[in-house]
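With this note's numbering applied, the sequence shown corresponds to residues 4 to 128, in that order. Written below as structure tokens is the structure these notes are about.
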Amino acid sequence: FFLMIRRPPRSPHCISSAASDVYKRQELILRNFMTLFVQVKKIPLDILMDPLLKSAVRDRKLDLIDFELYSVVAKHPKLTAETALPLLELLIKVYIHNHTFFPCAFTPIIIILKRFKTSQNVILL
């Protein structure tokens, strides 16, 4: 007598559940960053923006939470024109090429352009 126990196939729910957990953790981290940016005005954005933008360009996986963060960063008093320029370039690329998120990119673009409308770096863009 031979008894074989079959495991049920992996359900797609398990995979999507794991992806959902990762997304929830990323969203929590970004929300904490946003809270920190709003509360602590002395944060050096130059150091934090470079890896954030590289990650956005490398992964090309954007979500609504990213644009909320970009809007918070665009309003931050420590944001310089030099730091805003790469963010503005990313947002303009999204606005032009991404049919899903182009409306989300509009708000931080306008915030940055209004803040730095007289800056030579932004004018050259």
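Using N, Cα and C, we set each Cβ at its ideal position, and we do this for glycine too.
Between residue i and the rest of its own chain, which residues show a CB-CB distance below 8 Å, the 5 nearest in sequence each way excluded?
i	result
residue 39	46
In whole angstroms, what separates the C-alpha of residue i from that of residue j?
i	j	result
residue 108	residue 96	9 Å
residue 105	residue 66	11 Å
residue 84	residue 50	14 Å
residue 29	residue 120	33 Å
residue 113	residue 48	19 Å
residue 76	residue 110	12 Å
residue 57	residue 44	23 Å
residue 2	residue 81	Missing from the structure shown is residue 2; the chain here goes from 4 to 128 and no further.
Taking the alpha helix (DSSP H) that residue i falls in, what are its first and last residues?
i	result
residue 110	105-118
residue 69	67-78
residue 47	Taken as a continuous stretch (DSSP letters only), residue 47 belongs to no alpha helix (DSSP H), as it is neither H nor E.
Quick one: is residue i buried, meaning 16 or more other Cβ sit within 10 Å of its Cβ, or exposed?
i	result
residue 99	exposed
residue 93	buried
residue 115	buried
residue 72	buried
residue 86	buried
Could one say the Cβ of residue i lies closer than 8 Å to chain B's Cβ atoms, at least one of them?
i	result
residue 32	The chain inventory of the structure shown lacks chain B, comprising one protein chain alone.
Under 7 Å Cβ to Cβ from residue i, same chain only, skipping five residues before and after it: list those, please.
i	result
residue 79	40 and 48
Among residues of its own chain, excluding the 5 on either side of residue i, which ones have a beta-carbon nearer than 6 Å to its beta-carbon?
i	result
residue 68	30 and 33
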